[in-house]
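**Q**
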Amino acid sequence: QVQLVESGGGLVQPGGSLRLSCAASGNIFSPYAMGWYRQAPGAQRELVATISPGLSTNYAESVKGRFTISTDNDKNTVALQMNSLKPEDTAVYYCNFRTFGMDYWGKGTLVTVSS
106 QVQLVESGGG
116 LVQPGGSLRL
126 SCAASGNIFS
136 PYAMGWYRQA
146 PGAQRELVAT
156 ISPGLSTNYA
166 ESVKGRFTIS
176 TDNDKNTVAL
186 QMNSLKPEDT
196 AVYYCNFRTF
206 GMDYWGKGTL
216 VTVSS
């Protein structure tokens, strides 16, 4: 089992920034990928950004140029730097850990972008 704990959500004004962090613990074996997904009220969960074992990144079109995903494999952590936030970025953000075909999820952290 892998446990994921997210932090860093909150309320921010449009145009502001937030940094989300996620720490993985438990039975962690390489290689693994990590990422962030989000789910807005009344919508399905969607991919925000992922980072592969080889450090290749993938972003949703809606966040390209504004969000940056990074990882510290030594500490089994992944972060999401979110800049130029928009009201439509409001959602619960979930950390994802993928290894050997298994997906693990954090409980989520709420990001609210509002004036």
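The numbering used here puts the sequence shown at residues 106 to 220. All C-beta atoms, glycine included, are put in the ideal place defined by N, C-alpha and C.
#1: Is the separation between the beta-carbon of residue 122 and that of residue 187 shorter than 9 Å?
#2: Within the same chain, show all residues whose beta-carbon is closer than 7 Å to that of residue 202, passing over the 5 residues directly before and after it, in chain order.
#3: Expressed to the nearest angstrom, what Euclidean distance is found between the alpha-carbon atoms of residue 204 and residue 143?
#4: Inspect the beta-carbon positions of residue 222 and residue 111 and report whether they are closer than 9 Å.
#5: Alpha carbon to alpha carbon, what distance is there between residue 195 and residue 148?
#6: Could you pull out every residue in the same chain whose Cβ sits closer than 8 Å to the Cβ of residue 124, ignoring the five residues on either side in sequence?
#7: Give me the residue from 163, 160, 157, 219 with the minimum Cα distance to residue 189.
#8: Whose C-alpha, out of 141, 214, 134, is nearest the C-alpha of residue 163?
#9: Taking all protein chains shown into account, do 16 or more other C-beta atoms lie within 10 angstroms of the C-beta of residue 120, making it buried, or fewer, making it exposed?
#10: If you draw a straight line from the C-alpha of residue 133 to the C-alpha of residue 213, how long is it?
**A** If we stick to the structure as given:
#1: yes
#2: 107, 109, 129, 137, 139, 209
#3: Rounded to the nearest angstrom, the two C-alpha atoms are 20 Å apart.
#4: Residue numbering for the chain in the displayed model covers 106 to 220; residue 222 lies beyond these limits and cannot be assessed.
#5: 11 Å
#6: 113, 184, 185, 186, 187
#7: 219
#8: With distances taken between Cα atoms, residue 163 lies closest to 141.
#9: exposed
#10: 20 Å
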